[in-house]
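Participant: One structure coming up, written as structure tokens, with questions to follow.
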Amino acid sequence: YQRRVRDLERTFMVFRHASQHWSSNLVPVLVLLLGSASSWEQDRFVISFWVDPIVDPSEFDSRYAEIAAANFTVLLGGFGAKTPAAVQAQLNAAHRHGLAAIPSTCGGGGGNPRGSEAGACTNLTSESLWGFQLKDEPAVQDFAQLATWSAAVEAASPGALRFINLLPNYAKPTQLNATSYDGYVDEFVRVAQPDVLCMDAYPFFRPGDTTNTSKAGYLRNLQSLRRASLASTSRTGKQLPFWNFFNAFAFGGHRDPTEGEIRWQAFSSLAHGATGVLYFMYWPARASSLAVGAAMVAPQQAWGAAGNKGEVVYRLGPHYYQAKRVNAVLRVLGEALLGATSTAVYGPYNSIGATVVITDPDSAVLSVNGTGLGTGFSFFHGEFVLRDGRRAVLVVNHDSEYGLWATMTWRWGVDRMVEVDQSTAEELALIDDSPFAPGLQLSFQPGAARLFILNG
186 YQRRVRDLER
196 TFMVFRHASQ
206 HWSSNLVPVL
216 VLLLGSASSW
226 EQDRFVISFW
236 VDPIVDPSEF
246 DSRYAEIAAA
256 NFTVLLGGFG
266 AKTPAAVQAQ
276 LNAAHRHGLA
286 AIPSTCGGGG
296 GNPRGSEAGA
306 CTNLTSESLW
316 GFQLKDEPAV
326 QDFAQLATWS
336 AAVEAASPGA
346 LRFINLLPNY
356 AKPTQLNATS
366 YDGYVDEFVR
376 VAQPDVLCMD
386 AYPFFRPGDT
396 TNTSKAGYLR
406 NLQSLRRASL
416 ASTSRTGKQL
426 PFWNFFNAFA
436 FGGHRDPTEG
446 EIRWQAFSSL
456 AHGATGVLYF
466 MYWPARASSL
476 AVGAAMVAPQ
486 QAWGAAGNKG
496 EVVYRLGPHY
506 YQAKRVNAVL
516 RVLGEALLGA
526 TSTAVYGPYN
536 SIGATVVITD
546 PDSAVLSVNG
556 TGLGTGFSFF
566 HGEFVLRDGR
576 RAVLVVNHDS
586 EYGLWATMTW
596 RWGVDRMVEV
606 DQSTAEELAL
616 IDDSPFAPGL
626 QLSFQPGAAR
636 LFILNG
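Numbering (this note's numbering), first residue to last: 186 to 641.
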């Protein structure tokens, strides 16, 4: 009942923006909205990317097999298939390789009023189909049109996900067209009534930088989406999920990220309650601003005295194998936290030599010490209530360049704690990684995370 009330509200929002042009079509739209048997609901942790393989459909199977082998779970389309025939082939291939798919609408977003055309691909069906990609980085003035387009997609494909990716907190005020970033996100939720929140943020890893383009700014952006997510509900009546894009290649002044920096971005998102992450990017783009670095698939061409010569070939590059390793762990921990409620995020807490005590009595972690190794340490952690009611903590090494050791004490009884094994997803007894040193010693690779659960 509550979902149908929200669908009615969305329909009347469309009417408010467009009744003078679209009144003759409101009845069938209303019937389709209310007749939806179900709305999209996330059933897996999302690991995806920007720019799907731009290849002939005859190559979809081989290229999507590579995607699945790297532990990606969702194919976000929009580049490699833009016609109904190509998108149907894309959906079929995604299904064969166990990938959910969010393809192009194949047009759409136009009409009178703007947004009333759903798109030529929104009548396609497949077991892999989650929904459709509508818009990347809209400003506030785009939200009304997106609300209309979302309703048109819902009418054409009842219950389908309508995916819209937002600007980051370092976008220019003229891009946001809002007085604050939180205001921009809140207005999007109010007007567009999305199925998921998502933004792209690509931090520079510059020591001492605290601007919105820094690591600190990346965490602030996650905090904004976390806040909006916890305060909002989707069409299913459950908490509105959030995802985010992060950087995985060199472009626009960004140096090529290390595997530790890729890990840090992904696990920082998970610690804040994200239910999905997307890499920027998978397939190489031809845009001049993106042409320098190699994406996960790297273009290569023979070089001779006359310069470039011969066919451009597309091979799996170093970032592909980095992502494959990161995703193997991310998939396990992300699935363990899927459906959990984020209750708090603590830190980052930093120190050189001294023990950091977390004074909040609700924090599961009582203290952290750097084990006397190195010049300092930096950690943060997110706390959750799992679907079964147990409490969980994801501890992240905030240092994306160096592995760290931590001596940790807990407010929980360690005899009731388990850790989620990052290979098997089993819940295992705590392991002291350095038993000849005093206290519980835990080791972390650069940017890595570990998930602990309290039983009972």
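From the three backbone atoms N, C-alpha and C, an ideal C-beta is built for every residue, glycine too.
Source: prediction; values computed, not measured.
How far does the beta strand (DSSP E) with proline 533 in it reach, from first residue to last?
Facilitator: Here residue 533 corresponds to residue number 348 of the sequence shown, with the count starting at 1. Taken as a continuous stretch (DSSP letters only), the beta strand (DSSP E) holding proline 533 covers 526 to 536.
Participant: Leaving out five residues on either side along the sequence, give the residues of the same chain with a beta carbon under 7 Å from the beta carbon of phenylalanine 564.
Facilitator: Here residue 564 refers to the residue found at position 379 when the sequence shown is read from its first residue. Closer than 7 Å at the Cβ level, and outside the excluded window around phenylalanine 564, lie Gly532, Pro533, Tyr534, Val553, Val580, Val581, Asn582, His583 and Ala591.
Participant: Does glutamate 604 come out as helix, strand or coil in the three-state DSSP assignment?
Facilitator: As a first step, residue 604 must be located in the sequence shown, where it is residue number 419. The answer is strand: DSSP assigns glutamate 604 an E or B state.
Participant: Just how far apart, CA to CA, sit tryptophan 468 and arginine 440?
Facilitator: By 1-based counting over the sequence shown, the position of residue 468 is 283. By 1-based counting over the sequence shown, the position of residue 440 is 255. So the alpha carbons of these two residues sit roughly 18 Å apart.
Participant: Which runs of the beta strand (DSSP E) spanning at least 3 residues fall entirely within the segment 551 to 579, listed in chain order?
Facilitator: The segment 551 to 579 contains these whole beta strand (DSSP E) runs: 562 to 570.
Participant: Where does glycine 316 sit, in a helix, a strand or coil, going by DSSP?
Facilitator: For the purposes of this step, residue 316 is identified with residue 131 of the sequence shown, where counting begins at 1. The answer is strand: DSSP assigns glycine 316 an E or B state.
Participant: What distance in whole Å lies between the Cβ atoms of leucine 551 and arginine 596, which are believed to be in contact at a cut-off of 8 Å?
Facilitator: Taking the first residue of the sequence shown as position 1, residue 596 is located at position 411. Taking the first residue of the sequence shown as position 1, residue 551 is located at position 366. Correct: roughly 5 Å between the Cβ atoms.
Participant: Go through its chain and collect everything with a Cβ distance to leucine 309's Cβ below 7 Å, but skip five positions before and after it.
Facilitator: For this step, residue 309 is matched to residue 124 along the sequence shown. If we look at leucine 309 and ignore the five residues flanking it on each side, its Cβ neighbours are Pro269, Val272, Gln273 and Leu276.
Participant: Three-state secondary structure (DSSP) at aspartate 380?
Facilitator: To locate residue 380, count along the sequence shown from 1; it is residue 195. Correct three-state label for aspartate 380: coil.
Participant: Nearest CA to the CA of leucine 571: which residue from Leu522, Glu322 and Asn640?
Facilitator: Taking the first residue of the sequence shown as position 1, residue 571 is located at position 386. It is Leu522.
Participant: Taking the runs of the alpha helix (DSSP H) that are 4 residues or longer, which of them lie wholly in the segment 386 to 457?
Facilitator: List check, alpha helix (DSSP H) in window: 400 to 416 and 444 to 456.
Participant: Return the CA-CA distance between leucine 284 and phenylalanine 434, expressed in angstroms with no decimal places.
Facilitator: Looking up residue 284 in the sequence shown gives position 99. Looking up residue 434 in the sequence shown gives position 249. About 23 Å.
Participant: Pull up the DSSP beta-bridge partners for glycine 262, would you.
Facilitator: One-based indexing of the sequence shown puts residue 262 at position 77. Paired residues: none, contrary to the question.
Participant: Any idea if leucine 613 is buried or exposed, counting beta-carbon neighbours within 10 angstroms, 16 or more meaning buried?
Facilitator: Your numbering for residue 613 matches position 428 in the sequence shown. Answer is exposed; the Cβ neighbour count stays below 16.
Participant: Would a C-beta distance cut-off of 7 Å place methionine 466 and phenylalanine 234 closer than the cut-off?
Facilitator: Taking the first residue of the sequence shown as 1, we reach residue 466 at position 281. Taking the first residue of the sequence shown as 1, we reach residue 234 at position 49. Going by C-beta atoms, methionine 466 is nearer than 7 Å to phenylalanine 234.
Participant: Can you tell me the Cα-Cα spacing of alanine 278 and proline 392, whole angstroms?
Facilitator: One-based indexing of the sequence shown puts residue 278 at position 93. One-based indexing of the sequence shown puts residue 392 at position 207. So the two alpha carbons sit approximately 44 Å from each other.
Participant: Take the Cβ of alanine 634 as the centre, count every other Cβ of all protein chains shown within 10 Å, and call the residue buried at 16 or more, exposed below.
Facilitator: For the purposes of this step, residue 634 is taken as residue 449 along the sequence shown, with counting starting at 1. It counts as buried.
Participant: Count Cβ pairs between the segment 325 to 340 and the segment 365 to 373 that sit closer than 8 Å; are there 3 or more?
Facilitator: The segment 325 to 340 vs the segment 365 to 373: in contact.
Participant: Could you have a look at lysine 494 and say whether DSSP puts it in helix, strand or coil?
Facilitator: Your numbering for residue 494 matches position 309 in the sequence shown. Correct three-state label for lysine 494: strand.
Participant: Straight-line CA distance for alanine 303 to alanine 337?
Facilitator: As a first step, residue 303 is located in the sequence shown; it is residue number 118 there, counting from the start. As a first step, residue 337 is located in the sequence shown; it is residue number 152 there, counting from the start. The alpha-carbon atoms of alanine 303 and alanine 337 are separated by roughly 5 Å.
Participant: Would leucine 410 and serine 419 qualify as a contact pair, given that the criterion is a beta-carbon distance under 7 Å?
Facilitator: Counting from 1 along the sequence shown, the entry for residue 410 is found at position 225. Counting from 1 along the sequence shown, the entry for residue 419 is found at position 234. Not a contact, by the Cβ cut-off of 7 Å.
Participant: Buried or exposed: where does asparagine 640 fall if 16 or more other Cβ atoms within 10 Å of its Cβ makes it buried?
Facilitator: Counted from its first residue, the sequence shown places residue 640 at position 455. So asparagine 640 ends up on the exposed side.
Participant: I'd like to check one pair, alanine 253 with histidine 282: are the Cβ atoms closer than 7 Å?
Facilitator: Position 97 of the sequence shown, counting from 1, holds the residue named residue 282. Position 68 of the sequence shown, counting from 1, holds the residue named residue 253. The answer is yes: Cβ separation under 7 Å.
Participant: So is alanine 222 buried or exposed if we call it buried at 16+ other beta carbons inside 10 Å?
Facilitator: Looking up residue 222 in the sequence shown gives position 37. For alanine 222, the predicted model reports a pLDDT of 48, less than 50, meaning its position is unreliable and no value from the coordinates is stated.
Participant: Is it buried or exposed for arginine 471, if we count other Cβ within 10 angstroms and need 16 for buried?
Facilitator: The residue given as residue 471 occupies position 286 in the sequence shown. Exposed: under 16 other Cβ atoms inside 10 Å.
Participant: Within a Cβ cutoff of 6 Å, which residues of the same chain sit near glutamate 322, ignoring the five residues on either side of it in sequence?
Facilitator: What you label residue 322 is simply residue 137 of the sequence shown in a count that begins at 1. Within the same chain, glutamate 322 has close Cβ partners Leu352.
Participant: Ordered along the chain, which non-local residues of its own chain (more than five positions away) have a Cβ less than 8 Å from that of serine 311?
Facilitator: Against the sequence shown, residue 311 aligns to sequence position 126. Excluding sequence neighbours, serine 311 sits near Gln273, Leu276, Asn277, Ala279, His280 and Ala286.
Participant: Taking just the CA atoms, how far does phenylalanine 427 sit from glycine 632?
Facilitator: On the sequence shown, position 447 is the one that residue 632 refers to. On the sequence shown, position 242 is the one that residue 427 refers to. If I take the Cα positions, the gap works out to 21 Å.
Participant: Please return the same chain residues whose Cβ sits closer than 8 Å to the Cβ of glutamine 360, not counting the five positions on each side in sequence.
Facilitator: Along the sequence shown, one-based indexing puts residue 360 at 175. Glu322, Ala324 and Leu352.
Participant: Would alanine 377 pass as a contact of alanine 332 if the rule is Cβ separation under 7 Å?
Facilitator: Indexing the sequence shown from 1 puts residue 377 at position 192. Indexing the sequence shown from 1 puts residue 332 at position 147. For alanine 377 and alanine 332, yes; Cβs fall inside 7 Å.
Participant: Serine 365 to lysine 357, Cα distance in whole Å?
Facilitator: As a position in the sequence shown, residue 365 is number 180, starting the count at 1. As a position in the sequence shown, residue 357 is number 172, starting the count at 1. Rounded to whole angstroms, serine 365 to lysine 357 spans 11 Å at the Cα level.
Participant: With 16 other CB atoms within 10 Å as the buried threshold, where does asparagine 429 fall?
Facilitator: Working through the sequence shown from its first residue, we reach residue 429 at position 244. Asparagine 429 is buried by the Cβ-count criterion.
Participant: Going by DSSP in three states, valine 199 sits in which element: helix, strand or coil?
Facilitator: As a first step, residue 199 must be located in the sequence shown, where it is residue number 14. At valine 199 the pLDDT is 40, less than 50, meaning the model places this residue with poor confidence; the figure from the coordinates comes in the next sentence. Looking at valine 199 - three-state DSSP - the assignment turns out to be helix.
Participant: Under a three-way DSSP split, which group does threonine 544 fall into?
Facilitator: On the sequence shown, residue 544 is found 359 positions in, with the first residue counted as 1. It is coil, neither helix nor strand.
Participant: In angstroms, rounded to a whole number, what distance separates the CA positions of glycine 437 and tyrosine 387?
Facilitator: As a working mapping, residue 437 is identified with position 252 in the sequence shown. As a working mapping, residue 387 is identified with position 202 in the sequence shown. In a straight line, the C-alpha of glycine 437 is about 10 Å away from that of tyrosine 387.
Participant: Who are the near neighbours of alanine 250 in its chain, counting only those whose CB is closer than 7 Å to its CB and skipping five residues on each side?
Facilitator: Here residue 250 refers to the residue found at position 65 of the sequence shown. Once the five neighbours on either side are set aside, the close Cβ partners of alanine 250 are His282.
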